[in-house]
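Only one structure is covered here, and it is reproduced in the block below.
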Amino acid sequence: MKFTLPIILVAVTAGLMTLALFGAGHSSGTVGIAAGSAVFSTKASTPEQGLNNLLADVQRRNWDRAYSALSTTSAGDRQSFIQDWTGSDGSLRSFSSLEGFQARPLHATNDDAQMRVRLHWTTPVGPIEDVRDFHLIREGGTWKVAWPKMQISSVPAQIIPVTYLRWDLVSGSGSDEWGSKNVDAPHVRIISMNAVDSAEGAVVMGEVVNEDTIPAFVNVNAALVDGAGKAIDDESSFDKIDHVLLPKQVTPYRIDFPNINLKNVKNVRMDVKATLVPASADPVIGVMNQKVVSDVQGKSILQGDLMNESGQTVNIPHVIASFYDNNGKVIWVSDGYVNRALLPQSGQPFAVEIPKSLAGKVQSFHVVVNQYSLVRS
Amino acid sequence: MHAPASAIAGEEVTISTNGSGKATFYLLGPGVSRKSDVSLGSEVQLKAQDLQNAGEYFAFLCSDTCRSSSFYVTAAKPASLTFLVHPSRVPVGQGDAVSGVALPFDQFRNLVLTPETVNFHLLEGTASVFSRSSQTRDGIAWFRTASQKSAGTLQVDASLGDLSARRAVQQVASDPCNLRIKGERTKAGILVQTEPVRDCAGNPVPDGTIVSFTATDGNGRSTVDAPIKQGVARAQLEAPGATVISVASGVAMGNELRIGAQP
Chain A
1 MKFTLPIILV
11 AVTAGLMTLA
21 LFGAGHSSGT
31 VGIAAGSAVF
41 STKASTPEQG
51 LNNLLADVQR
61 RNWDRAYSAL
71 STTSAGDRQS
81 FIQDWTGSDG
91 SLRSFSSLEG
101 FQARPLHATN
111 DDAQMRVRLH
121 WTTPVGPIED
131 VRDFHLIREG
141 GTWKVAWPKM
151 QISSVPAQII
161 PVTYLRWDLV
171 SGSGSDEWGS
181 KNVDAPHVRI
191 ISMNAVDSAE
201 GAVVMGEVVN
211 EDTIPAFVNV
221 NAALVDGAGK
231 AIDDESSFDK
241 IDHVLLPKQV
251 TPYRIDFPNI
261 NLKNVKNVRM
271 DVKATLVPAS
281 ADPVIGVMNQ
291 KVVSDVQGKS
301 ILQGDLMNES
311 GQTVNIPHVI
321 ASFYDNNGKV
331 IWVSDGYVNR
341 ALLPQSGQPF
351 AVEIPKSLAG
361 KVQSFHVVVN
371 QYSLVRS
Chain B
378 MHAPASAIAG
388 EEVTISTNGS
398 GKATFYLLGP
408 GVSRKSDVSL
418 GSEVQLKAQD
428 LQNAGEYFAF
438 LCSDTCRSSS
448 FYVTAAKPAS
458 LTFLVHPSRV
468 PVGQGDAVSG
478 VALPFDQFRN
488 LVLTPETVNF
498 HLLEGTASVF
508 SRSSQTRDGI
518 AWFRTASQKS
528 AGTLQVDASL
538 GDLSARRAVQ
548 QVASDPCNLR
558 IKGERTKAGI
568 LVQTEPVRDC
578 AGNPVPDGTI
588 VSFTATDGNG
598 RSTVDAPIKQ
608 GVARAQLEAP
618 GATVISVASG
628 VAMGNELRIG
638 AQP
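Going line by line, the protein sequences match chains A and B. Quick note: the first sequence uses the numbering used here, first residue 1, plus one each step. Quick note: the second sequence uses the numbering used here, first residue 378, plus one each step.
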C-alpha cells in the first residue's frame with residue numbers, strides 16, 4: 001500500500017511526458033501550415049515533415065544529423081551551413097536562438113516543393129522574425145531540403161589606415177573652486193516632432209540634431225498629458241535612436257506608448273538630454289542602394305546595403321530610418337537589426353518595414369546606422 | 378548695553394554694559410547662538426570665531442528685564458575671487474556671446490559687498506583682445522563681449538588686487554561655408570571628398586563634424602555620413618549608373634557633382 005502513491009505519480013509523470021513529446025507539435029497546427037515545434041519524424045514522407053526535421057535539428061543544434069539529412073544536390077559545406085544558422089563574428093545571430101517557425105507551402109509537385117517559413121528568433125534585442133524560402137526535393141521516398149550555397153563574407157588580409165579622432169575632457173586641476181570646472185553640455189535640438197496613433201498605441205517621433213562641435217550622448221523623453229494637466233505616461237526613445245551623435249549629426253527617434261490613444265492626450269512634453277561622452281568617429285558605415293520596394297509578402301520595405309568603410313568589424317548593425325511626406329514632415333520611424341556582422345570593407349543587406357497605411361505617403365527617407373562593436377564595449 | 382554699529386567678520390568685538398549684579402548674555406547671528414553669564418558694568422568680549430559670518434547680529438542682556446542691541450558684521454577684505462564664464466564653447470564672430478561674472482569673497486566665504494575693482498582681461502594666444510575694469514556692485518562685477526574672429530582658445534582672466542582667476546573659452550568654427558566636393562570613379566565605386574571644410578571666416582570646421590554625401594542613380598539612393606578628418610571628409614559611394622552626388626553638413630549645402638555611368 002505504501003508504494004501505491006509513488007507508482008501512480010511515476011505513471012502520471014511518464015504519461016504527461018509522452019503526451020508532451022508526441023502531442024504538442026500538432027496541437028496548434030493549421031491546414032497547410034507546419035507550426036513551430038521540435039518534433040522529429042523518422043521518415044519525412046511529406047515536404048512539411050522534411051522541413052520540420054531540418055528545423056527541429058537546428059533548434060536542438062544537432063548539426064551532424066541536420067547536415068547529413070540535406071539533399072545531395074545541396075551546395076556549400078558543413079561549416080558554412082552551421083555558420084548560417086549560428087552566426088559568426090559576434091553578430092546578433094550568434095546570440096540568438098530559433099524559438100519556433102511556421103511553414104507554408106508555396107508550390108509542390110511529386111518530386112520537389114517550395115516552402116516559405118517564418119522563423120521566430122529570440123535575441124538580446126527582443127524577438128525577431130525572419131522569412132525564408134526553402135526548396136525541398138524527394139530523394140528515395142524521403143523529402144530533403146536542398147541547401148543553397150551561402151555567400152559568406154570574407155575579408156582578405158589587408159592594412160587599412162585609419163586617422164583616429166577622439167575627444168578628451170579636461171576637467172580642470174587644482175582647487176574645487178566654484179566655476180572652475182564648468183564645461184557646457186553639448187547643444188542638441190529637437191528639429192521635428194510628430195505624434196500619431198498606430199495599431200499598438202500612440203507614437204511620438206521626429207529628429208534630433210547635435211548642433212555642437214563635440215560628441216553627445218542623447219536621449220529623448222516624452223510625457224503625454226491629458227486635459228487636466230495630469231501625466232498619462234512617460235517613455236524614452238530607448239533603442240529607437242542613435243544615442244551617440246557626432247557634431248552636426250542628425251538621428252531619428254521614436255517613442256512608443258503602448259495601448260494609449262491620442263484622443264485622450266492634450267499635450268506632449270518633450271525633453272532631450274545630452275551629455276558629453278568620449279566617442280570615436282569610426283567606423284563609417286555607408287547606406288547604399290536605398291529603395292522602397294514590396295517584399296515577397298507584399299509589405300512595403302525600405303531596403304539597401306550597409307557598407308563598412310572602416311577597418312573595424314561592426315558586430316551588430318542597427319538601422320534607423322525616418323520617412324517623410326511631401327511636406328518634409330516625419331511620418332514614421334522604423335528600425336531593424338541586421339543579423340550578420342559587418343566586416344571591414346564589406347556589405348550586408350538590410351530592410352526596414354513601412355506600415356501599410358503610410359507606404360503611399362512616403363516621399364523621402366533618411367537612414368542612420370547605429371552600431372555595436374564588441375571590441376569597444 | 379552698547380554694541381558697535383558695525384563690525385568686520387573675523388574680528389573681535391567688545392560690548393559694554395551698565396549696572397551691577399549678574400546677568401545672562403545671548404548672542405544670535407547668522408549660524409551662531411551663544412549664551413554666557415556676565416557681570417553688569419563689565420565688558421562682554423565677542424570672540425573672532427563667533428563673528429565669522431557676515432550679517433545682522435542681535436545681543437540680549439537679561440537680568441530682571443532684558444535689553445537688546447543689534448549690529449551688522451560686514452565681510453572682511455577679499456581673500457578669493459570666484460569667476461564664472463559662459464559659455465565654455467562658442468562659435469566665432471558672435472556678438473555678446475562671452476560673459477563673465479566675478480564675485481569677491483573673504484576668507485570666511487562671505488560675499489564682499491563693498492565696491493571693489495575687478496580687472497577683466499581676454500587673451501587670444503599672447504594677444505590681448507579685451508580689457509576692462511569694473512567695480513563690483515552688490516558684490517558682483519561682470520563683462521560681456523563678442524567672440525573673436527578666429528577659432529582657438531580664449532583665455533579669460535579676472536583679477537582683484539593680488540587675487541586672480543583664469544578660465545578658458547573654446548572658440549570654435551561656425552557652420553561650414555562654401556562646401557565643395559570633388560569625386561572620381563574607382564574600382565570600388567565613386568570616391569568623393571570635400572575640399573578643406575571651413576566656415577565663412579575661413580576657420581577650419583572641427584574634425585569629427587559630420588558631412589553627409591548623397592548619391593542618386595537609377596538603383597536608388599546611397600548615403601554616407603562621414604566625419605571630417607584632417608580638414609576634409611571623404612566617402613566611398615556605390616553607384617554604377619549616371620549619378621548625381623550632393624553634400625550637406627548641418628544647415629549648409631554644397632555643390633552637386635554629376636558623374637557619368639561606369640564604362
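From the three backbone atoms N, C-alpha and C, an ideal C-beta is built for every residue, glycine too. Model, not experiment: these values are computed from the prediction.
Report the option in the options whose CA atom is closest to the CA atom of residue i.
i, options, result
"A:GLY206", "A:GLY126, A:ALA113, A:LYS329", "A:LYS329"
"B:VAL421", "B:ALA565, B:PRO492, B:ILE392", "B:ILE392"
"B:LYS559", "B:PHE590, B:ALA578, B:ASP584", "B:PHE590"
"B:LYS564", "B:SER536, B:ASP539, B:GLU615, B:TRP519", "B:GLU615"
"A:GLY140", "A:ALA66, A:LYS299, A:ILE160, A:ASP111", "A:ASP111"
"A:ARG65", "A:HIS318, A:ILE301, A:ILE82, A:VAL272", "A:ILE82"
"B:SER626", "B:GLY516, B:PRO640, B:PRO617, B:ARG611", "B:ARG611"
"B:LEU500", "B:THR530, B:PHE485, B:PRO640", "B:THR530"
"A:ILE331", "A:SER45, A:LEU98, A:LEU306, A:TYR253", "A:TYR253"
"A:VAL338", "A:THR46, A:GLY304, A:GLN345, A:ALA359", "A:GLY304"
"B:LEU423", "B:ASN555, B:GLN613, B:SER413", "B:SER413"
"B:PHE497", "B:SER510, B:SER445, B:ALA504", "B:SER510"
"B:PHE450", "B:GLY608, B:GLY387, B:VAL569", "It should be noted that the sequence gives Val, not Phe, for residue 450 of chain B. When only C-alpha atoms are compared, the closest one is B:GLY387."
"A:SER237", "A:VAL218, A:GLN249, A:LEU169", "A:VAL218"
"A:LEU358", "A:LEU70, A:GLY227, A:THR73, A:LYS299", "A:LYS299"
"B:VAL609", "B:ILE622, B:GLY585, B:ASP594, B:GLY597", "B:GLY585"
"A:LEU142", "A:LEU245, A:MET288, A:LEU70", "With the sequence shown as reference, residue 142 of chain A is identified as Thr, and Leu is not the correct amino acid for it. Ranking A:LEU245, A:MET288, A:LEU70 by Cα distance to A:THR142 puts A:LEU70 first."
Under a Cβ-count criterion, where at least 16 other Cβ atoms within 10 Å of its own Cβ denotes burial, should residue i be classed as buried or exposed?
i, result
"B:ARG635", "exposed"
"A:THR251", "buried"
"A:PRO161", "exposed"
"A:ALA24", "Any answer about A:ALA24 is weak, because its pLDDT of 40 lies below 50 and its placement is not dependable; what the coordinates show is given next. It counts as exposed."
"A:ILE241", "buried"
"B:TYR434", "buried"
"B:GLN525", "buried"
"A:ARG93", "buried"
"A:ALA312", "According to the sequence shown, residue 312 of chain A is Gln rather than Ala. It counts as buried."
"A:ILE159", "exposed"
"B:THR641", "What is shown of chain B runs 378 to 640, which leaves residue 641 of chain B out entirely."
"A:PHE101", "buried"
"A:LYS144", "buried"
"A:SER154", "exposed"
"A:LEU119", "buried"
Give every residue of the same chain whose Cβ lies closer than 7 Å to the Cβ of residue i, excluding the five residues on either side of it in the sequence, and list them in chain order.
i, result
"A:VAL314", "PRO283, ILE285, ASN308, ALA341, LEU342, GLN371, SER373"
"B:PRO415", "The amino acid occupying residue 415 of chain B in the given sequence is Val; Pro does not appear at that position. Correct list, in chain order: THR394, ALA400, PHE402, VAL421."
"A:ASN326", "GLN363"
"B:PHE460", "GLY477, ALA479, ALA535, ALA542, ARG544"
"A:GLY32", "Below a pLDDT of 50, predicted positions are generally treated as unreliable, and A:GLY32, at 38, falls in that range; the measurement from the model is reported next regardless. Here the set comprises ARG104, PRO105."
"A:SER346", "SER153, VAL155, ASN308"
For residue i, which residues in the same chain have their Cβ closer than 6 Å to its Cβ, ignoring the five residues on either side in sequence?
i, result
"A:ALA34", "Low local confidence applies: a pLDDT of 45 at A:ALA34 is under 50, so the model's placement there is unreliable, with the coordinate-based value given in what follows. Answer for A:ALA34: GLU48, ASN52, ALA103, listed in chain order."
"B:ALA528", "VAL469, GLN548, VAL549, ALA550, ASN580"
"A:ALA321", "LEU302, SER334, VAL352, PHE365, VAL367"
"B:ASN632", "ARG557"
"B:GLN484", "ALA456"
"A:VAL131", "ARG118"
"A:ASN221", "SER236, ASP271"
Give every residue of the same chain whose Cβ lies closer than 8 Å to the Cβ of residue i, excluding the five residues on either side of it in the sequence, and list them in chain order.
i, result
"A:HIS107", "ALA113, GLN114"
"B:ASP427", "LEU404, GLY406, VAL409, ARG411"
"B:LEU458", "ALA479, LEU480, PRO481, PHE482, VAL495, ALA535, SER536, LEU537, LEU540, SER541, ALA542"
"A:ASP133", "LEU106, GLN114, MET115, ARG116, VAL117, VAL296"
"B:LEU488", "ALA431, ALA452, LEU480, PRO481, PHE482, GLY516"
"A:ALA75", "TRP147, PRO148, LYS149"
Write down every uninterrupted run of the beta strand (DSSP E) in the region 78-144 of chain A whose length is 3 residues or greater and which is fully enclosed by it, in chain order. Counting only runs of 3 or more, we get 97-108, 112-122, 128-139.
Return the residues of the region 531-559 of chain B that lie within a Cβ-Cβ distance of less than 7 Å from chain A, sorted by chain order. VAL549
Give, in chain order, every residue of the region 592-605 of chain B whose Cβ lies closer than 8 Å to some Cβ of chain A. ASN596, GLY597, ARG598, SER599, THR600, VAL601, ASP602, ALA603, PRO604
Scan the region 215-249 of chain A for residues whose Cβ lies nearer than 8 Å to a Cβ of chain E and list them as they occur along the chain. No chain E is present in this structure, whose protein chains are A and B.
Counting only Cβ-Cβ distances shorter than 7 Å, please list the residues of the region 568-583 of chain B near chain A, keeping chain order. PRO583
For a minimum of 4 consecutive residues, which ranges assigned as the alpha helix (DSSP H) are wholly contained in the region 396-460 of chain B? For the region 396-460 of chain B, not a single whole alpha helix (DSSP H) run of length 4 or above is found.
Would you mind listing the beta strand (DSSP E) stretches within the region 208-279 of chain A that are 3+ residues and don't spill past its ends, in chain order? 216-225, 231-236, 250-258, 267-276
Selection of the region 485-517 of chain B by Cβ proximity to chain A, strictly under 7 Å: none
Residues in the region 307-327 of chain A having any Cβ partner in chain B nearer than 8 Å: MET307, GLU309
Members of the region 281-299 of chain A near chain B, C-beta cut-off 7 Å: ALA281, VAL284, GLY286, VAL287, MET288, ASN289, GLN290, LYS291
Please go through the region 553-594 of chain B and give each complete beta strand (DSSP E) segment of 3 or more residues, from N-terminal end onward. Counting whole runs of 3 or more residues, the region 553-594 of chain B contains the beta strand (DSSP E) stretches 558-563, 566-571, 587-594.
Check each residue of the region 447-471 of chain B: if its Cβ is closer than 8 Å to any Cβ of chain A, include it; give the result in chain order. SER457, THR459, PHE460, LEU461, VAL462, HIS463, PRO464, SER465, ARG466
Give me the subset of the region 95-110 of chain A whose CB atoms are less than 7 Å from a CB atom of chain B, sorted by chain position. none
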